[in-house]
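Scroll down for the structure; my scribbles are underneath it.
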Amino acid sequence: MNLDDLEDLAAKYRIELGEADREIRVCVATACHSSGAPGVIHGLNAAAAEPPADGEHSCRIKGVGCMGLCSVGPMVAVAEPGADLRESTLYREVAADDAGEILASARKPGAGPVARLHCPSDQPFFARQRWIVRENSGIVDPDSFKGYVAVGGYAAMVQALTEMTPQEVINEVTTSGLRGRGGGGYPTGLKWSTVSKMPEGQKYVICNADEGDPGAFMDRAVLESDPHRLLEGMAIAAYAVGANKGYIYIRAEYPLAVERLKTAIRKAKRSGFLGNHICETQFNFDVEIRLGAGAFVCGEETALMASIEGGRGHPRPRPPYPAEYGLWGHPTLINNVETYANIAPIISNGGDWFAGIGTEKSKGTKVFALAGNIVNGGLIEVDMGITLRDIIFDIGGGIPGGRAFKAVQTGGPSGGCVPEAHLDIPVDYDSLKTLGTMMGSGGMIVMDETSNMVDVARFFMEFCMDESCGKCVPCRAGTQQMHGLLDRIAKAEATRADLELLEELCDVVQATSLCGLGQTAPNPVLSTLRYFRHEYEEKLG
Amino acid sequence: MQRERPDLPSNDKRWKLVNATMRRNGYAGHALIEALHAVQDAFGFLDEEAMTFVADSLDLPLSKVYGVATFYHLFMLKPQGRHACVVCTGTACYIKGAGALIEGIEARFGAAPGETTADKALSVLTARCVGACGLAPAVVVDGKVIGKLGPDAFCDRLAQEIAE
Numbered sequence: 000m001n002l003d004d005l006e007d008l009a010a011k012y013r014i015e016l017g018e019a020d021r022e023i024r025v026c027v028a029t030a031c032h033s034s035g036a037p038g039v040i041h042g043l044n045a046a047a048a049e050p051p052a053d054g055e056h057s058c059r060i061k062g063v064g065c066m067g068l069c070s071v072g073p074m075v076a077v078a079e080p081g082a083d084l085r086e087s088t089l090y091r092e093v094a095a096d097d098a099g100e101i102l103a104s105a106r107k108p109g110a111g112p113v114a115r116l117h118c119p120s121d122q123p124f125f126a127r128q129r130w131i132v133r134e135n136s137g138i139v140d141p142d143s144f145k146g147y148v149a150v151g152g153y154a155a156m157v158q159a160l161t162e163m164t165p166q167e168v169i170n171e172v173t174t175s176g177l178r179g180r181g182g183g184g185y186p187t188g189l190k191w192s193t194v195s196k197m198p199e200g201q202k203y204v205i206c207n208a209d210e211g212d213p214g215a216f217m218d219r220a221v222l223e224s225d226p227h228r229l230l231e232g233m234a235i236a237a238y239a240v241g242a243n244k245g246y247i248y249i250r251a252e253y254p255l256a257v258e259r260l261k262t263a264i265r266k267a268k269r270s271g272f273l274g275n276h277i278c279e280t281q282f283n284f285d286v287e288i289r290l291g292a293g294a295f296v297c298g299e300e301t302a303l304m305a306s307i308e309g310g311r312g313h314p315r316p317r318p319p320y321p322a323e324y325g326l327w328g329h330p331t332l333i334n335n336v337e338t339y340a341n342i343a344p345i346i347s348n349g350g351d352w353f354a355g356i357g358t359e360k361s362k363g364t365k366v367f368a369l370a371g372n373i374v375n376g377g378l379i380e381v382d383m384g385i386t387l388r389d390i391i392f393d394i395g396g397g398i399p400g401g402r403a404f405k406a407v408q409t410g411g412p413s414g415g416c417v418p419e420a421h422l423d424i425p426v427d428y429d430s431l432k433t434l435g436t437m438m439g440s441g442g443m444i445v446m447d448e449t450s451n452m453v454d455v456a457r458f459f460m461e462f463c464m465d466e467s468c469g470k471c472v473p474c475r476a477g478t479q480q481m482h483g484l485l486d487r488i489a490k491a492e493a494t495r496a497d498l499e500l501l502e503e504l505c506d507v508v509q510a511t512s513l514c515g516l517g518q519t520a521p522n523p524v525l526s527t528l529r530y531f532r533h534e535y536e537e538k539l540g
Numbered sequence: 000m001q002r003e004r005p006d007l008p009s010n011d012k013r014w015k016l017v018n019a020t021m022r023r024n025g026y027a028g029h030a031l032i033e034a035l036h037a038v039q040d041a042f043g044f045l046d047e048e049a050m051t052f053v054a055d056s057l058d059l060p061l062s063k064v065y066g067v068a069t070f071y072h073l074f075m076l077k078p079q080g081r082h083a084c085v086v087c088t089g090t091a092c093y094i095k096g097a098g099a100l101i102e103g104i105e106a107r108f109g110a111a112p113g114e115t116t117a118d119k120a121l122s123v124l125t126a127r128c129v130g131a132c133g134l135a136p137a138v139v140v141d142g143k144v145i146g147k148l149g150p151d152a153f154c155d156r157l158a159q160e161i162a163e
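So the protein lines, in turn, are chains A and B.
Under numbering that gives the first Met the number 0, think of the first position of the first sequence as 0, with each following residue one higher.
Under numbering that gives the first Met the number 0, think of the first position of the second sequence as 0, with each following residue one higher.
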C-alpha cells in the first residue's frame, strides 16, 4: 500500500462514515464522561430521531476525545466536518435536557448558538493554543479506526514504510529537535539512533504510559482521545530502530484509556495496520498492553521494564542504559506517550517544520495539565517558550474567587514551586531548571494565597515516602526522615537544628539515591525553601 | 515436554476466567501481574489459595508471587467491601480539599483509608491522582468518578450509591 492507496481508503471511509452538513461532537474523555456526557449523547440521539425539516442542516452526533476545558464539562462542539475547536460553536456544562435546544440550533441555518450554554471559542484559552499532539483531540471518535484514517491518519507511517529508509526517519526526528516529553528532555533522535546502531536481533519499543505524577493527565487525554496516533508513532519508531515488538505500559488507574487502546489495537490489527506485513510491506510490528498496578516508581524506565518482565518494580543502576541492555537484556527504546504522539506530524510535515516552532533548545509544543486554584482548568497545548504568566493569567484565566496568586508547581513530586516574581520566564526545559524546578511530564498546579508551602512540601514528601520502592537506603530511609522533619516543622514543633538537618538530608538523598525518584524527591523542599523560606522560619520555635 | 498445569482450586467458575487469562499469555511467568489482575477482578482480592494457584500455573516460586502482590498498591490481600470508594489524593485534589473529604467519610461511615466498614458495605481507599484534576476533589466510587463535591454533599451521594 502506498500513500495514494491510503488516500483512496480515506476517501472511501469518509463516504462510509456518512457526510453530514454539521457534526455535534460530545467529549467522552474521563472528566466529561463522568460529568454526564453519555446522557448528553443519548439525549441528542433521541432528539435526532425526528428527521430535520426541509432546508435544515443534517447533523451527525459523535463522541470525541478531550476538548481541553475539563473543569466545565461535559463539553459539546457544533462544527462543520473537518473544522477544529476554534472554528466550532462550543457549549459548556451541557446536561441531557439541553440536547433538544442544541440540536435545534445546529440544524437551523443562520441560527445563533444557545446563549445560556455558549462557551466562546475565541477566548484566549483556545485562541492561544497550537495543536500538534492534540490535533485530532475533540475531533475524531477515539473508538473509530476509520475516523482516524479519514482525517489522514497512518499517512506518516505508510510514508515512512514505503518511501523512507529507517535512517531517513531518524534523521527527520533528529532535525526536528524533539526532546523526550516525559520530563527528562533527552533528545529523541539521539535515543533512536543509539538503539538503531545496536547489533541486529531482537529489539523492543516501549511506550511509557505510566503517568504517575499527581496533577498530570496529558497522556491520559491522548490515550483516551486519539489512541491510533500513539500506535502510529510507535510503529514508525519500531521501523526506525529495527524492532518488531512493542509494549505499552499503562496505569491500571486509567480504565477508560486501557479500553480505548485495546479497541484501537484490535482494529488496527484487523485492518493490517499492525501485525505482520503492515500495509503489505515487509515490516512486522506487534503491540501488547501491560497494566501497571499502582506503583509510581514504575514510571522510571528500568523499574518499568522490571514490571513488564513480571517482577517487582525495582529500578537498577544505569548504565547500561535500556538502549543497550533493556527488556530481557535486549536493546530497547522507551519513550513517553506525548513523544510518540509528536512523531506522525514530524514525518508528514518534515523535521524542519517542527524545528521552526518553540525556542532554540526546546522545539515544538508542550501539553500541560492546568489544575488547582485556576479558573480554566484542563489541558492546553502551547508553543515552547510561552511565559508562565501567559499560561496562568491569559489562557488559564487567573485565580478564582478574587484571591492572589502564590505559586505554580510544575514537574510533580520531582519538580518545584515557582513564585510570582519568576512568572515571566519562558517555559522550556532549560529555563525551568534554572528556577529549581523542571518541565516534568506537564502537570501544572496553581496555588493561591491560602496554600501553605510547608504543607505542600510535606505533601510531596509523603508521596515520595509512600512510593519509594525500598531498594536503596538513601531514598527509603531519607524520605521517611525528611517527612518526619517536615511534619514537625508544619506542626511548629521543630527547632532551627531540624531545619539544618532537613537541608543536609536533601543534599544526601539527592546525591546518593539510585534512581530518579530519590534523586529528585528533595526538589519540592529545596524549591519552597528557596522562595518561601520565611514560611519555614515562621514555624520554628 | 508440556508441563502439567495444576487443577483449578474449586468448581468456582471464576477460576476459569483466571485460567483463561494465563492461557492467553501462554502461561508465561512475565505475565504474572496480568494473572494477579485477573484474580483480583474475579475475586476482589488475592488470598493464599489464589497466589499458590497462580504460582503453580506459571511455574514460579510462591515467594515471587507474594513479593509482587505486596509490592503493588493496587493488589489487595484482604476481602474488600461491596462498594469501593477511592479518594484521589493527588496534588490538585489535595489543594481542593481531599483531606476534608477523607475526614468526612470517616466521620460518617466509620472507615479510614485502607479500612472496610464493619458491615462490609464499603471499603475506603486512596489513590495518587486518578487524572481527573478538572473535577477536583475527585473520588472514584465503584469505578465511577464523582467530583467537585464538598464532604457533606459527597457523603450524601455516597450513602445513596451504597443504598442502590
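Note that the Cβ used here is the ideal one computed from N, Cα and C, for glycine as well.
Please report whether the beta-carbon of residue i lies at a distance below 8 Å from any beta-carbon of chain A.
i, result
"residue 77/B", "no"
"residue 91/B", "yes"
"residue 33/B", "yes"
"residue 128/B", "yes"
"residue 44/B", "no"
"residue 72/B", "yes"
"residue 104/B", "no"
"residue 84/B", "no"
"residue 134/B", "yes"
"residue 28/B", "yes"
"residue 101/B", "no"
"residue 109/B", "no"
"residue 25/B", "no"
"residue 66/B", "yes"
"residue 97/B", "no"
"residue 131/B", "yes"
Using a Cβ-Cβ cut-off of 7 Å (strictly less than) and excluding sequence neighbours within five positions of residue i, which residues of its own chain qualify?
i, result
"residue 30/A", "69, 72"
"residue 487/A", "493, 497"
"residue 480/A", "504"
Would you mind sorting residue i into buried or exposed? The rule is 16 or more other CB atoms within 10 Å of its CB.
i, result
"residue 88/A", "buried"
"residue 14/A", "exposed"
"residue 119/B", "exposed"
"residue 34/A", "buried"
"residue 109/A", "exposed"
"residue 436/A", "buried"
"residue 166/A", "exposed"
"residue 281/A", "exposed"
"residue 303/A", "buried"
"residue 141/A", "buried"
"residue 210/A", "buried"
Whole-angstrom Cβ separation of residue i and residue j, contact assumed at under 8 Å?
i, j, result
"residue 444/A", "residue 496/A", "31 Å between Cβ atoms; not a contact."
"residue 87/B", "residue 129/B", "5 Å"
"residue 67/A", "residue 378/A", "5 Å"
"residue 259/A", "residue 291/A", "In fact, because the Cβ distance is near 17 Å, the residues do not count as touching under 8 Å."
"residue 135/A", "residue 228/A", "6 Å"
"residue 365/A", "residue 381/A", "7 Å"
"residue 76/A", "residue 21/A", "Contact doesn't hold; Cβ gap of about 10 Å is too wide."
Given residue i, which residues of its chain have a CB within under 6 Å of its CB, disregarding the five upstream and five downstream residues?
i, result
"residue 440/A", "181, 182, 212, 215"
"residue 201/A", "329"
"residue 531/A", "452"
"residue 491/A", "538"
Starting from the C-beta of residue i, find all residues in its chain whose C-beta is less than 8 Å away, skip the five residues before and the five after it, and write them out in chain order.
i, result
"residue 42/B", "13, 49"
Is residue i close to chain B? Criterion is C-beta to C-beta, closer than 8 Å.
i, result
"residue 488/A", "no"
"residue 330/A", "no"
"residue 69/A", "yes"
"residue 74/A", "no"
"residue 219/A", "yes"
"residue 210/A", "yes"
"residue 232/A", "no"
Exercise for the section: Note down, in chain order, all residues in the region 137 to 152 of chain B with a beta-carbon under 8 Å from any beta-carbon belonging to chain A. Expected result: 142, 143, 144, 145, 146
Handout entry: Interfacial residues, the region 237 to 259 of chain A to chain B, with Cβ spacing under 9 Å
Key = 250, 251, 252, 253, 254, 256
Practice task
Taking a Cβ distance cut-off of 9 Å, strictly less, list which residues of the region 358 to 384 of chain A are near chain B, in chain order.
Solution key: 368, 369, 370, 371, 372, 376, 377, 378
Handout entry: chain B contacts from the region 292 to 314 of chain A (Cβ-Cβ distance under 8 Å)
Key = 292, 293, 294, 295, 306, 307, 308, 309, 310, 311, 312
Handout entry: Near-chain B residues of the region 469 to 494 of chain A (beta-carbon distance less than 8 Å), N- to C-terminal order
Key = none
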